[in-house]
Amino acid sequence: MKKVKKTFYSDLKKAKLRLLKLHYESNTGHVGGNFSSIDALMTIYHHLMDKKDKFILSKGHSAGALYITLWSKKLIEEKDLNTFSKDNSILPGHPSGSSIPGLLFSTGSLGHGPSLAAGLALAERFKKTKNKIYCLCSDGEWQEGACWEFLIFAVHHKLDNLIIYIDQNCLQGFGSTDKIVSYSDIESRLKAFDANVQSVDGHSPESILDASNNIKKNKLNIIILNTIKGNDISFEGLLESHYLPLSDKQYKEASKKLNKLYS
């Protein structure tokens, strides 16, 4: 298994604590989805992406985790984090493609990120570059027809310069994904379309890194991240972590737990 950089877990702890503070001070929700995806985002940006590679956050409600990741790479300043989700901020609750260098599209209307990523990947092929495209989706957005249209297109064009990550935390706005609209075993369904699919622990940076370096040529590559909504914090795995902001008690308990986990 490929090892992460020596300082990575220290950086990850700082990122998670700052992400927690970001949502607490701004009194915003979507804490659970941000904490199910922060491990993957940090791994992608700190270990996989080169300067000319591109990233699309299709699950735009995890904007906080993306902003904190960019902050950890010194691409966003601390003073900007303090304006998160406020009027006239460059860091709205869902990413704005016009506000931050490197963010190409505004996202948050679920299901459209993969198609945007496919267009970028095809363009890079036409330009004969070695640049890669990375896209992070939620599991719930695969209830959108647009995702399956993307799948047909990307498999047909064998877009092997694109990696799709699916944050499978099994919860969405009003319940579990299985109860809202079940697609049963998504891994088997994706493989049936002839995509190369790997399923890994979405909270293990080493596993994410290994899978990302184990892609197949002439195939669309998809990595399913098995995650826990609100991972590492006091109300992990609970539906309330989707929309509700942190209470004072939850913030203190979550901060204590994070410090203990990464001590």
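Oh and the sequence shown: position 13 is 18 in our numbering, straight run, nothing missing.
All C-beta atoms in this analysis are idealised placements derived from N, C-alpha and C, irrespective of residue type, glycine included.
Under DSSP, the beta-bridge partners assigned to Gln173 are Asn231.
For Ile168, the beta-bridge partners assigned by DSSP are Tyr139 and Asn226. Nearest in C-alpha terms to Ser252, of all of Leu22, Asn32 and Ser204, is Asn32. In this structure, the straight-line span from the alpha carbon of Lys8 to that of Asn87 is close to 33 angstroms. Lys137 sits close to Asp58, with the two beta carbons spaced by under 8 angstroms. Per DSSP, Ser204 is one residue of the beta strand (DSSP E) stretching across Asn201 to Asp206. The closest CA to that of Asp44, considering only Glu82, Tyr14 and Pro100, is found on Tyr14. Its Cα nearest to that of Ile168, the residue Lys224 stands out among Lys224, Phe158, Ile191 and Gly65. Judged by beta-carbon spacing, Asn226 lies within the 8 angstroms limit of Asn201, meaning their Cβ atoms are closer than that value. If you draw a 10 Å sphere on the C-beta of Leu266, you find fewer than 16 other C-beta atoms in it, and that means exposed. Straight through space, the alpha carbons of Tyr50 and Lys257 are spaced by roughly 28 angstroms. Leu62 is bridged by DSSP to Leu141. For the set Ala123, Leu17 and Ile191, the Cα lying nearest the Cα of Lys163 is the one of Ala123. If you check the CB distance, Gly207 and Phe40 do not come in under 8 angstroms. Taking a C-beta distance under 8 angstroms as the contact criterion, Lys18 and Leu263 qualify as a contact pair. Residue state for Lys8 is assigned as coil, using DSSP reduced to three classes. Cβ contact annotation for Ala151 (same chain, cutoff 7 angstroms, sequence separation greater than five): Gly116, His117 and Ser120, in chain order. For secondary structure counted as the alpha helix (DSSP H) over 4 or more consecutive residues, the stretch 35 to 81 holds these complete runs in sequence order: 36 to 48 and 68 to 77. Its chain contains Asp144, Trp147, Ile171, Gln173 and Ile229 as the residues whose beta carbon lies nearer than 8 angstroms to that of Ile191, once the 5 sequence neighbours on both sides are disregarded; these appear in chain order. Ranking Tyr29, Phe89 and Lys21 by CA distance to the CA of Lys254 puts Tyr29 first. Taking Glu211 as the centre and dropping the five residues before and after it, the same chain places the C-beta of Met6, Lys7, Lys8 and Val9 closer than 8 angstroms to its C-beta, in chain order. In the displayed model, Gly150 falls within a helix according to three-state DSSP.
Closest in C-alpha terms to Ser239, from the list Trp153, Leu96, Val36 and Asn93, comes Val36. Under the three-state reduction of DSSP, His28 is assigned to helix. In the three-state reduction of the DSSP assignment, Asn264 falls in the helix class.
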